[in-house]
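S.K.: When the letters of the sequence shown are read in order and numbered with numbering that gives the first Met the number 0, they come out as residues 0 to 271. For glycine and all other residues, C-beta sits at the position ideal for the given N, C-alpha and C. Computed from a predicted structure; not experimentally measured.
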Amino acid sequence: MSLDLRGAARRADLRLERGALDELDELDRASAILTWRGRMLNEHVSARVFTALARQLERAGVRGDRPARVAAMVAEEWLHADRCAAVVEVLGGSPVIELPALPPVPEHEDADPLEAVLRNVISVSCLSETVAVALIDAERRSAGPPALQRLLAEILADEVGHARFGWRLLEDLAPSLSPALRERLADYLVIALDELATHELAHLPARPSPSRAAEAIGVCDGLAARRLFFATVNEVIVPGLQAAGLPALSAWRAAQEIGVWASSAASARYTD
Numbered sequence: 000m001s002l003d004l005r006g007a008a009r010r011a012d013l014r015l016e017r018g019a020l021d022e023l024d025e026l027d028r029a030s031a032i033l034t035w036r037g038r039m040l041n042e043h044v045s046a047r048v049f050t051a052l053a054r055q056l057e058r059a060g061v062r063g064d065r066p067a068r069v070a071a072m073v074a075e076e077w078l079h080a081d082r083c084a085a086v087v088e089v090l091g092g093s094p095v096i097e098l099p100a101l102p103p104v105p106e107h108e109d110a111d112p113l114e115a116v117l118r119n120v121i122s123v124s125c126l127s128e129t130v131a132v133a134l135i136d137a138e139r140r141s142a143g144p145p146a147l148q149r150l151l152a153e154i155l156a157d158e159v160g161h162a163r164f165g166w167r168l169l170e171d172l173a174p175s176l177s178p179a180l181r182e183r184l185a186d187y188l189v190i191a192l193d194e195l196a197t198h199e200l201a202h203l204p205a206r207p208s209p210s211r212a213a214e215a216i217g218v219c220d221g222l223a224a225r226r227l228f229f230a231t232v233n234e235v236i237v238p239g240l241q242a243a244g245l246p247a248l249s250a251w252r253a254a255q256e257i258g259v260w261a262s263s264a265a266s267a268r269y270t271d
């Protein structure tokens with residue numbers, strides 16, 4: 000099964016300045032197409048995750064405007080996928096990609112509905128989306144064409160909202176969490192942080208971008224992005240979770256002890 004966003008890409012009617020495109024050599028252009036096509040897929044998958052999260056919030060009895068806000072996040076992720084597809088097409092690529100086999104969004108059947116949704120909110124918003132904010136902001140700062148800067152700024156604004164959603168929900172619920180639930184969430188954090196690092200480092204190559212021209216069109220400097228990932232975990236995520244009463248520092252240390260990613264020299268030098 001394929002994800003085909005050619006129609007959406009054309010409707011987006013994105014235009015990039017020719018000068019920026021003319022500076023790309025064949026390797027730069029191929030790297031940029033691969034990067035933006037991958038982002039297109041990631042945004043599509045994120046919409047699926049938020050759809051499941053909205054259902055879990057309802058089951059957990061989390062009322063107010065939160066389920067509606069998550070439903071709006073789904074629409075935002077679809078729009079992001081369309082915008083990424085438009086960049087692929089402008090670069091001369093085809094915004095079509097085979098959909099990989101996707102595991103179901105975790106239901107956490109070993110937990111009650113509130114604990115289950117807290118696990119996913121922490122994993123999705125407090126971890127993944129917070130890292131996305133840092134990485135996209137860095138890409139926005141490096142972008143050359145004004146149209147690309149504006150596109151990344153729009154995506155960034157939405158991702159900030161997605162991260163804040165989780166942090167605010169955790170902040171609101173933290174005072175009512177029992178000691179037993181905090182202990183179980185602490186155990187889960189080890190798993191979630193290990194999975195976060197495994198996923199991110201698999202998608203952040205341990206090498207610089209092919210050229211400054213490629214970086215200006217959205218191809219990240221993998222080494223800088225890895226440093227930024229670890230800085231975000233150490234300086235934003237861990238302190239934020241600690242403030243909510245969760246032992247994130249010990250969980251992060253435990254994740255580094257069990258994670259295959261932490262044993263490689265390329266990754267370990269960024270964990271200090």
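Closer than 8 Å by C-beta to ARG183: which residues in its own chain qualify, once you throw out the five before and the five after it? Chain order, please.
M.R.: ALA110, GLU114
S.K.: Are the beta-carbon atoms of VAL120 and LEU168 separated by less than 8 Å?
M.R.: yes
S.K.: Considering Cα atoms alone, identify which of ILE96, ALA243, VAL48 is closest to PRO102.
M.R.: Distance from the Cα of PRO102 is smallest, within the candidate group ILE96, ALA243, VAL48, for VAL48.
S.K.: Would you report the Cα separation of TRP260 and LEU192, rounded to the nearest angstrom?
M.R.: 11 Å
S.K.: Report the partner residues of LEU2 according to the DSSP bridge assignment.
M.R.: ILE96
S.K.: Measuring only the C-alpha atoms, how far is ARG122 from LEU98?
M.R.: A small fix is needed here, since residue 122 is Ser in this sequence, not Arg. Taking the straight line from one Cα to the other gives about 22 Å.
S.K.: Roughly how many angstroms separate the alpha carbons of LEU227 and GLU234, rounded to a whole number?
M.R.: Looking at the two C-alpha atoms, the distance is approximately 10 Å.
S.K.: Taking the C-alpha atoms as reference points, what is the distance between TRP35 and CYS83?
M.R.: 6 Å
S.K.: According to DSSP, is LEU171 part of a helix, a strand, or is it coil?
M.R.: For clarity, residue 171 is Asp in the given sequence; the question names Leu instead. Reduced to three states, the DSSP call for ASP171 is helix.
S.K.: Quick one, are the C-beta atoms of ALA142 and GLU88 less than 8 Å apart?
M.R.: no
S.K.: Classify ALA230: buried if its beta carbon has 16 or more other beta carbons within 10 angstroms, exposed otherwise.
M.R.: Under this definition ALA230 is an exposed residue.
S.K.: Under 7 Å Cβ to Cβ from ARG68, same chain only, skipping five residues before and after it: list those, please.
M.R.: If the five residues before and after ARG68 are omitted, its C-beta is found closer than 7 Å to the C-beta atoms of PHE164, all from its own chain and listed in chain order.
S.K.: Would you say CYS125 and ILE216 are within 8 Å of each other, going by their C-beta atoms?
M.R.: no
S.K.: Within 10 angstroms of its Cβ, does ARG118 collect 16 or more other Cβ (buried), or is it exposed?
M.R.: Flag for ARG118 reads buried.
S.K.: Please work out which residues of its chain come closer than 6 Å, Cβ to Cβ, to LEU203, disregarding the five sequence neighbours upstream and downstream, and give them in chain order.
M.R.: GLY221, ALA224, ARG225
S.K.: From what residue to what residue does the alpha helix (DSSP H) around ARG120 run?
M.R.: The sequence given here places Val at residue 120; Arg does not occur at that position. Its alpha helix (DSSP H) spans residues 112 to 120.
S.K.: Please determine, among LEU4, PRO174, VAL116, the residue with the shortest C-alpha to C-alpha distance to PRO94.
M.R.: LEU4
S.K.: Please classify SER177 as buried or exposed, where buried requires at least 16 other C-beta atoms within 10 Å of its C-beta.
M.R.: Answer is exposed; the Cβ neighbour count stays below 16.
S.K.: In three-state terms, what does DSSP make of PRO103?
M.R.: coil
S.K.: Looking at the secondary structure, which residues open and close the alpha helix (DSSP H) in which LEU15 lies?
M.R.: Segment: none, LEU15 is in no alpha helix (DSSP H) and carries neither H nor E.
S.K.: Locate the alpha helix (DSSP H) running through LEU180, then write down its first and last residues.
M.R.: Residues 178 to 202.
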